[in-house]
Structures are given as structure tokens and as C-alpha cells.
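Keeping their order, the protein sequence lines are chains B and W. In my numbering, each residue's number is its place in the first sequence (first place is 1) plus 1052. In my numbering, each residue's number is its place in the second sequence (first place is 1) plus 1. Cβ atoms here follow ideal geometry from the backbone N, Cα and C, with glycine treated the same way. The model shown is predicted, which means the values in this text are computed figures rather than measured ones.
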Amino acid sequence: MREKTKKRSNNFRILYWYECRKILGKKLVWFSLLAGIAIMTIGLLSPLFGGYYIDGKYMGTTYEMYLADRDYAKELSGRKIDQTLLEETMAAYKSIPYTPEIHYTATEEYQKIARPYSEIFNFVRQTSGIQTSELILSWQPDEKDLYAKRQIWLMSLWKDLGLSQGEMDFWRAREEQVETPYVYEEHGGYSTMFSFAPTVGFVVLMLTAICLSGIFTEEHTRKTDQLVLCSPLGKTTLYQAKIAAGISFAAFVTVLFSALIWIGTICLYGMEGFQAALQFLYAQSSAPVTCGQAVLITYGIIMITAIITSVFVMVLSELLQNNIATLAISSGLLMLSMAVVVPEQYRVLAQIWTWLPWSFFEPWNVFGSYTVSLLGHYFTPWQAVPVIYLVSAAAIAAVGKPVYQRYQVSGR
Amino acid sequence: MELVIDRVSKQYKNRIAVDRISIKLRKGVYGLLGENGAGKTTLMRMICGILKPDSGTISFDGMDVGEEDYRAVLGYLPQDFGYYPEFTGQDFLLYMAALKGLSKPQAKQKAEKLLQLVSLQDAAAKKIKTYSGGMKQRLGIAQALLGQPDLLVLDEPTAGLDPKERVRFRNLIRDLGKECIVLLSTHIVSDIEHIADTVLIMKDGQLVYQDQWTDGRGSLEDFYLQHIGEDNKQKHTFS
């Protein structure tokens, strides 16, 4: 008998493979994946068919407008946003006859003279906090003033967020690391990938909840638990294999939808602009990273968020013994994150809320200004949260293990 | 080899399902009889470690029921067991073999042999959802035999089998009893009469009869009905 014990194989890989097969063998999983692909594809292709109107006048499809702007942007690629470019931009914009009755983009002057500089104008507006009307009517192009205004604007945002002096000093130091004057790069592809991140995150987490909420409970409802739990590897190795298979599925779904968005975006919008500063995508951030890096970080965060969600869903289903209740709680939390915004004055609560898995995958949270301080060092959200998530996922899995192992087959 | 059940009890709310049962089982076939609700399945589940007793201990050759090594010597066929509809019969056996710690080549070899033993070799590549009730039952018997168990717990193993198959499996169980401990529960008294070395009768959670059964003692069915009937008669008298 002892010999039998010695000869027993671990079989983790075999069991992992079977668990993956069990997940992928469900029709629900394939229907959900197809629905997700359809949502992504429609979202991605909608600019090709959606019309662009100014004051009710059809100007072309959104995509045609984008292509026109991209050509202008490409002409500006590689130029520093310095005094010269600011003067050119503002000269073009000041030629627009500004009246409150007509939107400035509807004017001929805008379309012919100013539009080629729209990317620079928008950047100046977004990165400094200066209002559009003030920019056009009264602002005199001044490189130093622009970057000084940005500092004032950021300081005011940080104060509104309730950042500590240490955090503000930390971000100021990061801000100094960002090379100025900014060098403009056409970055339409990365902008699209960035703006799709919340949709990808939402769909991935929703699919994770739908497809994994039955991974443990179905063993009980199908009554296979009697066979599984009385087998030598059924209480330990199988638990690990199920968790690993669930995590792999979540990772697979993330890769699938990320790849779909990335490939579609590259085909439609190109992939120029990897080196452009993140501030072109998200002006409120002081992170010294490029657009390309920001996109990689954001989608990496979605992957880690999907992993912790998968573990949470699987363990919750074992705790509740009910996949419908698990699905209701998981999707409810996801919906709640979209509906509820914690006011900034409740700093700790707001930070916790935005860092929860069902909120955090949104890029403005990933590159937000809240930090975690540890031993005198400040860690940015994209540095701290993945570590917190991975540790939490391990802790949740550890909590779920005894619950699974102690399951009692009774009744029936 | 010895299975020791020592003062094992289990209570559900205000009903005692198993009441202080103590017994030692050695190599051989043990037939467990009892009415519905007598506590047979609860006792078997506790022996298989999937239901924890409120009190008492269960061990096999010194290994506690909660240990992985204990589960390694166990083969279990539950009364109403589930399956994975998308798996083929062969997949199911290979999966169960992996759970029992068999290596891949061992599992493949053993699964082929067992599929042949339960006459499912021609349906091995078919999905279980296409199987009839009898075929599923035979597959269940096959999985219980994976890993050459020293302790085989069979809850209604011949349910759903046609008479010819039933006789075949009866003989198979009798042969297995020569090598290991077989505890089987059934409502078909004649099955136990033919193959059990020892008869156990449960009533209201208690083991009310435990002895060897020999041909010379007459009909087990009559004995069993008389045993249960007497108690029922008493019950009616008291009520």
C-alpha cells in the first residue's frame, strides 16, 4: 500500500487540461465569446459607418474625418510644441471669427486654416486647463506660460484629489522627468486602443464571471463531487488545477479581445506614435511614460484584473454553492462601479473604490494620481495595484481551498 | 487489510441517520441491507470521506479517512453519480484515473482493460450523454475499479443493469472480494445472498444484524423481510 503512495503521480498538468476542456466544452462559453467578439467588432467598426455632423450638416463618416485629421497630424509629427509651433497654431485659430452662436469648427476658416493645427490646439487646451474661448480670444502664445499654466492646473487637480504634500512632491518630480517641450507624434492608433480599454475590461470581466461561476458549483449540481472528492488528488491537486484553468481562461479572454482591438486598430488607424508622451492621451497624468507603454500597461492591468476576478468568482461560487448568485454578485459589482462615483473629498474611500478590480481597468484610474506610500517610497497605481491584486488572488485562493476540501455531500 | 469503523454517528437536524455504528471489516464481500432512509448511503459516504461523522472514527490499516493515502486505496460507486456529458467514456475513465494518481500510460492501459471488462469498448469514443442508464452504470463500476482499490464501496451497483449483466457483475464482485474489502448496498436481496460473505442489516441508523450467511440458513429475503417486518409490526403495535 505504501508502494502505491510512492507511485502516485501528481497529474496536475493532466487535470489542468481536463479542467480547461470542461470550461471550453460549454456552449454558454462559446456563445458568450461570440457575443463579446460581436460587441468589440461593432465598436471598432462603427466609425466607418457613423456620420460626422457640424450644425446638422453631414461632413462625412467619422472615419473619413479621422483620416483627414490624421494627414494633418502626420505633417506635424516630430515637431516640438515650442514657441514657434504655438505661434503658428494660435495664428491659425485667431483667424476664426469667434461668435458664441456658431461653433468655431463650422467656420470655413477653421476647416481651411486652423484644422491642420487642431491636434496642437487640443493638446494645449487639455494639458494646461485653459478654456477654449480664452485660448482663442485672449491667450498669447507663450511656451513658458503654457508649461507654467500646466503646473498650476495640475496642482489644483492634486489638491482637489486630496493628495498629501509628499504625493504632490512625488508627482512634481515625475512631471520634471517628462521631456518638455513635448514632441508631437501622430498617435491615433494608441488613442483608440486607450479609449477601448474600458470596453475590453468590462467585457473581459463580465465573460469571466459568466463562464467561471460554474466551475466548482457544477461539480455539486452534476453530483460528480462524490467521485472527485473521494479520489486521492480530488481535494488538493484538482483544486489547484481548477483555479489554474480558470485563471488561464481569464487570461485567454483578455488576450483574445486585446488582440482583436489591437489588430483592428492597427489596420484602421496605424501604429505610429509609440514614443509620444502619455500626456497626449491623458493630460492629467504626470507619468513619464509613452503612449505605447501606457497602452501596454493598461492592457496588462486588464489581464491582472481578469486574473483576480477569476479567482474571486470561482471561490465565491464555492462559498455560495450557487452559480446564479455568484454571477449576480459579480456582475452587480461591475455595474455598480459604473454607476457609483465616490466624491474626491472622501479620499481613502475614493481611492479604494477606484482601485477595486471592477473600476481599476479604466485608464484614468490606472494613470490616476493616487499613490501608496511604503517605507518612504511612493508607488503609482500601475505599480502598486497589480502587486496588491496578485497577493489578494493568492489569499482568496487560499481561503477557498479549505471550503472546497471540507464540502460535505449530504442530502440528495 | 482492515477497515475500522468506531462508534460513528451522524445526525441531520433532529434525525439520527447513523447511530453509533462500530464494525471491523476484513477482506471479503459485505452486503448491506436496509429500508430507504435506514442510513446506508450516509454510512457509505462517511466511509468514503465525503461526509464527516459527528462523532467516531473511520480508518483503514491505520490511515484516517481524511488522509490522501486512505483515498488512494478506495474505489467508490455512488448510488446516483454524475458525469461530464461532453466527455467520452474513455475520457471519463482517463480523467478519473488522473484523479486517482495513475500515470498517463497506466491510465490508458487500465482504462482500455476496464472498458472491455464492462463491455463498453465499442462505445468508448462516444459521448456519455449518448449512453443509456445501464451503460452509465457500467462506466461507474469501471471508474470504481481504477487504481486497484483495497476498499470498494458500491452503492446499488447493479441498479439499471439487465439480468445478464447483473449476474456478470455479481460474479465480478465476488471475485473482487477475494482480494479486497467490498461493501455493497442493494435492494436486490438475491444479489447479496449469492455473493456476500457477511450480511449487514441497518435500521433507523443502527446496525441491527451482522453475521455470515450460509446456504443452509434458508432464504435471506425471508429472513430480511421478517427482520424488518417484525420491527414494523412492533412499530404498529406501539403507535
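Open item on the list: Assess contact between the stretch 1336-1352 of chain B and the stretch 1363-1374 of chain B, defined as three or more Cβ pairs (one per stretch) separated by less than 8 Å. Is contact present?
Closed with: The stretch 1336-1352 of chain B vs the stretch 1363-1374 of chain B: no contact.
- [ ] Figure out for me which residue from W:F82, W:R21, W:A145 and W:Q117 has the closest Cα to the Cα of R72 of chain W.
- [x] Cα-wise, what sits closest to R72 of chain W is W:A145.
- [ ] Give the range of the alpha helix (DSSP H) segment to which T1251 of chain B is assigned.
- [x] For T1251 of chain B, the uninterrupted alpha helix (DSSP H) run begins and ends at G1240 to L1264, by DSSP.
- [ ] Starting from V168 of chain W, follow the alpha helix (DSSP H) in both directions and report where the run begins and ends.
- [x] For V168 of chain W, the enclosing alpha helix (DSSP H) begins and ends at P164 to L177.
Open item on the list: If I follow the unbroken alpha helix (DSSP H) through F1074 of chain B, where does it start and stop?
Closed with: Per the sequence shown, the amino acid found at residue 1074 of chain B is Lys instead of Phe. From DSSP, the alpha helix (DSSP H) with K1074 of chain B extends over F1064 to L1076.
Task: Opposing strand residues paired with E3 of chain W [DSSP bridges] - done: Answer by DSSP bridge pairing, in chain order: W:R27.
Task: C-beta contact flag for D205 of chain W and G29 of chain W at 7 Å - done: Taking 7 Å as the cut-off, the beta carbon of D205 of chain W is found no closer than this to the beta carbon of G29 of chain W.
TODO: Below 7 Å between beta carbons is the criterion; list the residues of the stretch 59-92 of chain W that meet it against any residue of chain B, in chain order.
DONE: Of all residues in the stretch 59-92 of chain W, D62, E69, D70, R72, A73, V74, L75, Y77, P79, D81, F82, G83, Y84, Y85 and E87 have a Cβ within less than 7 Å of some Cβ in chain B.
Open item on the list: Counting only beta-carbon separations shorter than 7 Å, does S1283 of chain B have a partner in chain W?
Closed with: At least one chain W Cβ lies under 7 Å of S1283 of chain B.
Task: Opening and closing residue of the beta strand (DSSP E) in which M203 of chain W lies - done: Note, M203 of chain W: beta strand (DSSP E), T199 to K204.
Task: Q12 of chain W, DSSP secondary structure in three states - done: DSSP, reduced to helix, strand and coil, places Q12 of chain W within a strand of the structure shown.
Task: Three-way DSSP call (helix, strand, coil) for R1122 of chain B in this model - done: Looking at R1122 of chain B - three-state DSSP - the assignment turns out to be helix.
Open item on the list: I'd like the span of the beta strand (DSSP E) that includes K1109 of chain B, first residue to last.
Closed with: K1109 of chain B -> beta strand (DSSP E) spans K1109 to T1113.
- [ ] Assess, as a yes-or-no matter, whether the stretch 1411-1425 of chain B is touched by the stretch 1202-1222 of chain B under the definition of 3 or more beta carbon pairs within less than 8 Å.
- [x] These segments touch.
Open item on the list: In chain order, what are the residue ranges of uninterrupted beta strand (DSSP E) at least 3 long that sit wholly in the stretch 58-102 of chain W?
Closed with: 75-78, all fully within the stretch 58-102 of chain W.
Open item on the list: Taking only three categories from DSSP, how would you classify F1412 of chain B?
Closed with: Of the three classes helix, strand and coil, the one that applies to F1412 of chain B here is helix, per DSSP.
TODO: Check whether the Cβ atoms of R16 of chain W and V1461 of chain B lie closer than 7 Å to each other.
DONE: Not in contact: R16 of chain W and V1461 of chain B (Cβ atoms no closer than 7 Å).
- [ ] Report the residue from B:E1271, B:D1134 and B:R1202 whose alpha carbon sits nearest the alpha carbon of Y1234 of chain B.
- [x] Nearest to Y1234 of chain B by C-alpha distance, out of B:E1271, B:D1134 and B:R1202, is B:D1134.
TODO: With DSSP collapsed to three states, give me the class of R139 of chain W.
DONE: In the structure shown, R139 of chain W sits in a helix (DSSP, three-state: H, G or I).
Task: Nonlocal neighbours in the same chain, by C-beta distance under 7 Å from W1205 of chain B, ignoring five residues either side - done: Around W1205 of chain B: S1180 and G1181.
Task: Contacting positions in the stretch 1369-1391 of chain B - beta carbon closer than 7 Å to chain W - done: Look at the stretch 1369-1391 of chain B: it has no residue with a C-beta under 7 Å from a C-beta of chain W.
Task: Option in B:Y1105, B:F1173, B:V1280 and B:S1338 with minimal Cα separation from Q1457 of chain B - done: In this structure, B:V1280 is the residue among B:Y1105, B:F1173, B:V1280 and B:S1338 with its C-alpha nearest to the C-alpha of Q1457 of chain B.
- [ ] Determine contact between the stretch 1092-1111 of chain B and the stretch 132-143 of chain W, defined as no fewer than three beta-carbon pairs at a distance below 8 Å.
- [x] Segments in contact, no.
- [ ] Can you grab the Cα-Cα spacing for the pair L78 of chain W / H1272 of chain B, in whole Å?
- [x] Going from the Cα of L78 of chain W to the Cα of H1272 of chain B covers about 16 Å.
Open item on the list: My parser needs the alpha helix (DSSP H) runs of 4 or more residues fully inside the stretch 1274-1359 of chain B; what are they?
Closed with: The stretch 1274-1359 of chain B contains these whole alpha helix (DSSP H) runs: 1277-1281 and 1289-1321.
TODO: Within its chain, find whatever has a CB closer than 7 Å to the CB of M1323 of chain B; leave out the 5 residues flanking it on each side and keep chain order.
DONE: Within the same chain, Cβ atoms closer than 7 Å to the Cβ of M1323 of chain B are found at G1241, the five residues on either side in sequence being excluded.
Task: K243 of chain W vs V19 of chain W beta-carbon contact at 7 Å - done: The shown model of chain W, from 2 to 240, leaves out residue 243 of chain W, and the question about it has no answer.
TODO: Using a Cβ cut-off of 7 Å (strictly closer), state whether A99 of chain W contacts chain B.
DONE: Judged by the 7 Å Cβ criterion, A99 of chain W is in contact with chain B.
Task: CB contact flag (F1246 of chain B, L1333 of chain B, <7 Å) - done: Inclusion of F1246 of chain B and L1333 of chain B in the CB contact set at 7 Å is warranted, their separation being smaller than that value.
- [ ] List the residues of chain B that Y241 of chain W touches, going by C-beta distances under 7 Å, in chain order.
- [x] There is simply no residue 241 of chain W to check, as chain W begins at 2 and stops at 240 in what is shown.
Task: Pairwise C-alpha distance: S120 of chain W and N1063 of chain B - done: As the crow flies, the alpha-carbon of N1063 of chain B is around 27 Å from that of S120 of chain W.
Open item on the list: Determine, for I1267 of chain B, whether the minimum Cβ-Cβ distance to residues of chain W falls below 7 Å.
Closed with: No - not a single Cβ of chain W is within 7 Å of the one on I1267 of chain B.
Open item on the list: On the criterion of 16 or more Cβ atoms from any shown chain inside 10 Å, does Y1172 of chain B qualify as buried, or is it exposed?
Closed with: Residue 1172 of chain B is actually Ile in this sequence, not Tyr. Buried: at least 16 other Cβ atoms inside 10 Å.
Open item on the list: Residues in the same chain with beta-carbon distance under 7 Å from D7 of chain W, minus the five sequence neighbours each way, listed in chain order, please.
Closed with: Excluding residues within five positions, the ones whose Cβ falls inside 7 Å are S23, G57 and T58.
- [ ] Ignoring anything shorter than 4 residues or poking outside the stretch 1188-1246 of chain B, list the alpha helix (DSSP H) runs there in chain order.
- [x] Within the stretch 1188-1246 of chain B, complete alpha helix (DSSP H) segments of at least 4 residues are found at 1195-1213 and 1217-1229, given in chain order.
TODO: To the nearest angstrom, report how far apart L1076 of chain B and N172 of chain W are at their CA atoms.
DONE: The straight-line gap separating the alpha-carbon atoms of L1076 of chain B and N172 of chain W is approximately 40 Å.
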